[in-house]
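The sequence shown begins at 1 in the numbering used here and counts up by one.
Here's the structure we're looking at; comments come further down.
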Amino acid sequence: MTIYCRHCGLSEFRTSRFRFQALDLVQLLLLRLPVRCANCHERAFTSLRQFLKLRRAHRSRHNERHDAA
Ligand SMILES: [Zn+2]
């Protein structure tokens, strides 16, 4: 499942830090987690599975950078 930014239309997202708002709790109950557009930083919600995938991808990129240094 690919999500697209409703603001700029790109599909590149990064995991977002939680800021507990009433809306987030509703989304969490639906097993949807907040992510942020890599381009315009617009907030969106995605499935738990997609969220974990993004988080893993981000972490592996970080590790590569760390190993190279
Ligand atoms: Zn965007």
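Ideal Cβ placement from N, Cα and C applies to all residues, glycine included.
Residue i versus the options, residue with shortest Cα-Cα distance
| i | options | result |
| --- | --- | --- |
| LYS53 | VAL35, CYS40, ASN39, HIS7 | VAL35 |
| MET1 | ARG59, ARG49, ARG55 | ARG49 |
| PHE51 | GLN27, CYS40, ASN39 | GLN27 |
| CYS5 | GLN21, HIS41, ARG55, LEU25 | HIS41 |
| LEU25 | GLY9, PHE45, LEU10 | PHE45 |
Cα-Cα separation, residue i to residue j
| i | j | result |
| --- | --- | --- |
| HIS7 | ARG43 | 9 Å |
| ALA38 | PHE13 | 5 Å |
| ARG59 | ILE3 | 20 Å |
Assigned secondary structure, residue i (DSSP; H/G/I helix, E/B strand, else coil)
| i | result |
| --- | --- |
| ALA38 | coil |
| ARG17 | coil |
| ARG55 | helix |
Beta-carbon separation (whole angstroms), residue i vs residue j, contact threshold 8 Å
| i | j | result |
| --- | --- | --- |
| SER72 | LEU31 | For residue 72 there is no data in the structure shown, the boundaries of the chain being 1 and 69. |
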